[in-house]
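So for the sequence shown, our numbering puts the first residue at 3; every next one is plus one.
Quick reminder that beta carbons are idealized off the backbone N, C-alpha and C, glycines included.
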Amino acid sequence: MNNKQLIPHPQSILWQEDHLVLLDQRLLPTETVYLHCTTPEEVWDAIATLAVRGAPAIGIMAVYGLYLGIRSLSEQDEEMFWAQLDRIAHYLNSARPTAVNLSWALKRVVNRAKQLRGQPIAAIKEAIFKEATEIHEEDVTVCRQIGENLLPLLYDGMGILTHCNAGGLATGAYGTALAPLYLARERGWNLKVFADETRPVLQGARLTAYELQQAGVDVTLICDNMAGAVMKEGQIQAVIVGTDRVAANGDVANKIGTYSVAVLARAHGIPFYVAAPVSSIDLDTATGDDIPIEQRSPVEVTNGFGKPTAPEGVKVYNPAFDVTPAEYVTAIITEHGVCKAPYEKSLKEAVKVERSL
Ligand code: MRU
3 MNNKQLIPHP QSILWQEDHL VLLDQRLLPT ETVYLHCTTP EEVWDAIATL
53 AVRGAPAIGI MAVYGLYLGI RSLSEQDEEM FWAQLDRIAH YLNSARPTAV
103 NLSWALKRVV NRAKQLRGQP IAAIKEAIFK EATEIHEEDV TVCRQIGENL
153 LPLLYDGMGI LTHCNAGGLA TGAYGTALAP LYLARERGWN LKVFADETRP
203 VLQGARLTAY ELQQAGVDVT LICDNMAGAV MKEGQIQAVI VGTDRVAANG
253 DVANKIGTYS VAVLARAHGI PFYVAAPVSS IDLDTATGDD IPIEQRSPVE
303 VTNGFGKPTA PEGVKVYNPA FDVTPAEYVT AIITEHGVCK APYEKSLKEA
353 VKVERSL
């Protein structure tokens, strides 16, 4: 990592000599267990089963997974190499549908490889690994910069609500929504953070409360259905969430329940901020209606607390994400600055800055 600042939370993703090491977030906060992946199939499985989750993190894992899949391919059979590169990228991209960071990262690595077509396969393999590590390292810098850009919108002593986990565990480091909270802590501010527990799989309780507590940030856990009451009591002055995909019109997909929080924030006159790396902006998706929403197993809802909590055979609806319409979003904060409505224009501008670098 080229970032010299102390990272205040455990790392989710590590490349260790010749393989990928992942902190198994399904077991947090009670057990710290690392998974060792040596094949794309193991990485696919880790993404699909939420061993590591969060939009930037799954993009990083996928590109290391791609490298694991191509590294021992024959360097003589070029045609087979290029076919396999596309096949494995396509396969890894199928692990989860909503976060655009997955396809963004895979496309970036495949495009880099294709730019080098004609060179020896050994050199292309090396370039694929280099691009994967660059994506990983850049994410740390990008997240910190999102924190820097968000901090001026906040002030010492305020109450902040967050939903799901858009923290260090969901990224290379720092997180997106949680990055300003870590920077505020570094500067000696005292923010009072409320973490929604985030049913059905409790990313807020298991992960956000855990990583903030470890870093010494003042965090209070609430059930999802308490957010409105806490706002009404005057304890929240801003909401900050992450995102899995921002459509061209500023509609934002994020963990299920985010939309309800945005509506509540509007009802209480509280700003609703979305922290988003430019890699989460998808100008090819016109509106939130076009964002594919992952449907997950009913078991997450019926056995959420490790034992059955619903009658056997009951019908369940379990979308993993929802879409908050742009009109509820006060600002989208990227590593290149603060985007405000009209989002068609400001998001295009942020993407343009990225492409010009
Ligand atoms: O299902 P998850 O845990 O992957 O959902 C994660 C979220 O919704 C995060 O808020 C989003 O990916 C942003 S992470 C910086």
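Minimum length 3: unbroken beta strand (DSSP E) runs contained in the region 24 to 73: 36 to 39
Ligand 2 heavy atom lying under 7 Å from the CB of Val243: Of the ligands this structure carries, namely ligand 1, none is ligand 2.
Same chain, Cβ closer than 6 Å to Ala288, neighbours up to 5 away in sequence not counted: Ala250
Touch test, the region 150 to 168 against the region 123 to 130, Cβ-Cβ under 8 Å, three pairs minimum: no
Contacting residues, own chain, Cβ-Cβ under 6 Å from Gln13 (five flanking each side not counted): none
Nonlocal neighbours in the same chain, by C-beta distance under 6 Å from His270, ignoring five residues either side: Met233
Spatial distance of Asn5 from Glu140 (CA atoms): Low per-residue confidence applies at Asn5: pLDDT is 46, beneath 50, and the placement is therefore not dependable enough to give any value.
Length of the line joining the Cα atoms of Gln7 and Pro327: 36 Å
With 16 other Cβ atoms within 10 Å as the buried cut-off, status of Met82: exposed
Residues sharing a beta bridge with Ile335, DSSP: Ala277 and Val340
Gly149, DSSP secondary structure in three states: helix
Residue from Ser76, Tyr66 and Gln215 whose Cα sits closest to the Cα of Val111: Tyr66
When Ala217, Met160 and Asn192 are compared against Gly169, the one with the closest alpha-carbon: Ala217
Contact under 8 Å by Cβ, Ala134 with Tyr93: no
Extent of the continuous beta strand (DSSP E) run through Phe323: Phe323 to Thr326
Any non-hydrogen atom of ligand 1 within 7 Å of Lys354 CB: no
Nearest-angstrom Cα separation, counted from Ile148 out to Ile272: 20 Å
Three or more C-beta pairs below 8 Å linking the region 285 to 305 and the region 87 to 102: yes
Helix, strand or coil at Ala207 [DSSP, three-state]: helix
Alpha-carbon spacing of His38 relative to Ala59, whole angstroms: 16 Å
8 Å Cβ shell around Val221 - same chain, five flanking residues per side excluded: Val195, Phe196, Ala197, Thr210, Ala211, Leu214 and Gln215
Beta-carbon proximity list for Ile258, same chain, < 7 Å, skipping 5 on both sides: Pro321, Ala322, Phe323 and Asp324
Per-residue DSSP class, three states only, for His11: coil
Buried or exposed by the 16-neighbour rule on C-beta atoms within 10 Å, applied to Leu16: exposed
Pick from Tyr176, Gly159 and Thr178 that is closest to Gly236, judged by C-alpha positions: Gly159
Cα-Cα separation, Thr332 to Ala172: 23 Å
DSSP three-state assignment for Gly239, whether helix, strand or coil: In the sequence as presented, Gly is not what sits at residue 239; that position holds Gln. DSSP places Gln239 in coil when its eight states are reduced to three.
Through-space distance from Ala53 to Tyr275, alpha-carbon basis: 27 Å
Alpha carbon of Met3 to alpha carbon of Gln78, nearest angstrom: Confidence at Met3 is low in this model, with a pLDDT of 42, below 50, so the placement of that residue should be treated as unreliable; the coordinate-derived value is given next. In a straight line, the C-alpha of Met3 is about 34 Å away from that of Gln78.
Candidates Gln27, Asp26, Gly339 and Tyr345, of which the one nearest Glu329 by Cα: Tyr345
Endpoints, alpha helix (DSSP H) assigned at Ile90: Glu80 to Asn95
Coil, strand or helix - Thr287 by DSSP: coil
Separation of Glu356 from Ile283, as counted between CA atoms: 11 Å
Backbone secondary structure at Ile258 - three-state DSSP: coil
Local Cβ density within 10 Å of Pro310, reported as buried at 16 or more and exposed below that: exposed
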